[in-house]
Every structure is written in structure tokens, then in C-alpha cells.
Amino acid sequence: MKIIRAKDYKDMSRKAANIISAQVIMKPNCVLGLATGGTPVGTYAQLIDWYNKGDVDFSEVTTVNLDEYRGLPRDHEQSYWYFMHKNFFDSVNVQPDRIFVPDGSNPNAEEACREYDAIIRNVGGIDLQLLGIGEDGHIGFNEPGEAFELGTHCVDLTESTINANQRFFNSRDEVPRQAYTMGIKTIMQARKVLMVANGANKAEIIKKAFFGPVTPEVPASILQMHPDFILVGDQEALSLI
Ligand code: GLP
């Protein structure tokens with residue numbers, strides 16, 4: 341595990357974007373696992389900036405996103421498909437047929453998850469997986485208590501996650517209660533994992549996840565065992581370690 345200390349959010353975003361663009365430069369046809377949430381938005385903005393300057397090219401890159409709400413169509417403003425297009429894909433040259441997000445509009449959970457695992461397998465696995473972290477230690481939508489050995493599956497979101505995500509919806513009632521997410525197994529199989537974390541509200545969980553026991557109660561803690569895991573955090577998020 342490598343921990344990189346950034347001064348602030350901007351610095352964290354720049355450092356994370358540097359690691360991603362290094363990956364794309366080293367292997368132009370790499371597979372990037374991407375994440376939603378507020379934290380990576382600055383990383384995407386920095387990558388867009390470097391793309392516009394001609395410093396990084398995504399024309400051969402394949403992307404697989406971590407998760408999607410079950411029941412939201414792609415064009416719903418809160419779907420992760422929509423989020424990713426608004427914050428990244430619409431502004432860079434990732435080819436549309438190389439963009440993959442779990443199909444939240446498929447009500448057949450078993451089929452949607454099986455198909456997504458097949459996609460990840462067919463593209464040759466993930467070279468670099470970007471992650472945020474939930475305040476309860478969730479990664480993707482792998483909530484506390486999830487088995488470590490799962491591939492893509494359907495999850496019931498916890499109260500903590502529903503509360504944290506309600507800021508994006510008009511009301512709490514509108515927050516979907518389920519999601520399709522890559523499993524911990526899928527994430528652990530990525531060849532490199534990069535987590536971004538910022539803000540004082542993440543300090544406790546960062547300490548617990550990376551300096552506490554490895555346990556399904558803190559899903560991110562398994563990353564301690566990953567052979568190439570990098571955490572880039574700002575001062576506040578890393579203030580307790
Ligand atoms: C959601 C996403 C996660 C993300 C988490 C934290 O639950 N499914 O992938 O890491 O939110 O979000 P934020 O970065 O806004 O704190």
C-alpha cells in the first residue's frame with residue numbers, strides 16, 4: 341500500500357490524474373475502471389484539461405464503471421451513466437462502444453450482473469481501478485458485511501449510503517434502494533487500484549480501513565492486501581494516520 345499526501349482537493353485530483361494518465365501513456369489500450377461520487381470529479385476535470393492540451397489520448401481506452409443504481413434508465417440525471425458522460429466522457433475521446441456501465445435499466449439482476457462480469461472478462465480485466473470510499477467504508481456499492489469473494493451483484497443500499505446520496509435527489513424517497521456493483525473480487529483482480537479521498541468526514545474511515553483489521557465490516561480494508569494499491573488523500577482525509 342502506498343499513501344500519497346496531497347495538500348488539498350485540487351492537489352489530490354492532480355496527483356490522481358497523473359497516475360491515470362501515466363497508465364494511459366504506458367498502455368494506450370488499457371482498461372480503466374472508473375468511479376462516481378463527488379471525490380473523483382476533480383480528477384476527471386484535470387484529465388479533460390490535459391486531453392484538451394493534447395497531453396493524453398483516450399482513443400484506445402476501454403472503461404468499465406464500478407456500479408449503477410438498479411431501476412434508473414441511462415438518461416436519468418442521477419444515473420451513473422449520465423454522471424460519467426456529464427463529468428468525463430462527453431469531454432474526451434473515449435470511443436462510445438468502449439464505455440461500459442452496469443445496465444441499471446435491466447430489472448433482471450442476475451442477467452445484468454452476469455453480462456457485466458462477461459464484459460469485464462472479455463476486455464481482459466481491469467488495468468487500473470479508480471475508487472472513492474463511502475463514510476461506512478463501502479467501495480463501489482459493496483456495503484459493510486458483503487462477502488469478499490463476489491463478482492458483480494445486486495445490493496441493497498444501507499441507510500448510511502441512502503442518506504449520503506440523497507443530496508443528489510429531490511427527496512430521500514427518490515433515492516434508489518438497490519444497485520448493481522462490481523464485487524470486491526472484481527476490484528481486487530484489478531492490476532492497480534487507486535483510491536481518492538478528501539475531507540474531514542473521511543478521516544475516521546481511512547484510519548479504520550487501512551490501519552485496522554481486514555474485515556468485511558469495512559469493505560475497503562481488503563485493499564490492504566492488494567499488491568498495487570495507492571491511496572491519494574488530502575490533508576483532512578489523512579489527518580488521523
Ligand atoms: C457512492 C458511490 C461510491 C463512492 C461513494 C462516495 O456511494 N457508489 O463509488 O465512492 O459514493 O462518494 P463521495 O466521493 O461523493 O464521497
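The opening residue of the sequence shown carries number 341 in our numbering; numbering runs sequentially from there.
Even for Gly, the Cβ is constructed at its ideal location relative to N, Cα and C.
Treat the numbers as computed from the prediction; the structure is a model and nothing was measured.
- Query: Any idea what DSSP makes of M535, helix, strand or coil?
  - Reply: strand
- Query: With a CB to CB cut of under 6 Å and the five nearest residues on each side skipped, what residues in its chain are close to E408?
  - Reply: Y420, V441, P442, G444 and Y520
- Task: Look at the Cβ atom of I344, then the Cβ atom of L571, and state whether they are nearer than 8 Å.
- Result: yes
- Item | Three CB pairs or more closer than 8 Å across the stretch 527 to 536 and the stretch 560 to 568 | yes
- Query: Is F428 near the ligand GLP, in the sense that its beta carbon is under 7 Å from a heavy atom of that ligand?
  - Reply: no
- Distance, I581 Cα to N403 Cα: Per the sequence shown, the amino acid found at residue 403 is Thr instead of Asn. So the alpha carbons of these two residues sit roughly 32 Å apart.
- Skipping 5 residues on each side, what residues in its chain have a beta carbon closer than 8 Å to that of R512? I502, N503 and Q506
- Rounded to whole angstroms, what's the CA-CA distance from A449 to E417? Just pull it up for me. 21 Å
- Item | Residues sharing a beta bridge with K342, DSSP | I570
- Message: Excluding the 5 residues flanking G573 on each side, which residues of the same chain have their C-beta closer than 6 Å to its C-beta?
- Response: A537
- Task: Kindly give me the distance between the Cβ atoms of N446 and M424, rounded to whole angstroms, as I take these residues to be in contact under 8 Å.
- Result: N446 to M424, Cβ: 18 Å. No contact.
- Query: V401 and I466: beta carbons closer than 8 Å?
  - Reply: no
- Message: I believe E489 touches K547 by the beta-carbon criterion, under 8 Å. Please report the beta-carbon distance rounded to the nearest angstrom.
- Response: Incorrect: roughly 26 Å between the Cβ atoms, too far for contact.
- Note the first and the last residue of the continuous beta strand (DSSP E) segment covering H425. That residue, H425, is in no beta strand (DSSP E); its alpha helix (DSSP H) goes Y420 to N427.
- Task: In the DSSP assignment, find the beta strand (DSSP E) that holds Q363 and state where it starts and stops.
- Result: First-last for Q363: Y349 to M366, but that is the alpha helix (DSSP H), not the beta strand (DSSP E).
- Is the beta carbon of P559 sitting closer than 8 Å to the one on E486? yes
- Task: Would you mind reading off the limits of the alpha helix (DSSP H) that contains T501?
- Result: E499 to N505
- Item | Chain-order list of residues whose beta-carbon lies under 8 Å from that of Q529 (same chain, five-residue window excluded) | G465 and I466
- Compute the minimum distance between the beta carbon of L406 and the heavy atoms of the ligand GLP, and state whether it is under 7 Å. yes
- Segment limits, alpha helix (DSSP H) that includes T383: V381 to N392
- Thinking F508 and V495 are a contact (beta carbons under 8 Å), I'd like their distance in whole angstroms, please. Actually they are not in contact, since the Cβ atoms of F508 and V495 sit about 18 Å apart, beyond 8 Å.
- If you run the structure through DSSP and keep just helix, strand and coil, what is N482? strand
- My guess is that H493 and C453 are in contact by the Cβ rule of under 8 Å, so how many angstroms apart are they, rounded? 5 Å
- For N369, which residues from the same chain have a beta carbon less than 8 Å from its beta carbon, with the 5 sequence-adjacent residues on both sides left out? E400, V401 and T402
- Would you report the Cα separation of T555 and E544, rounded to the nearest angstrom? 16 Å
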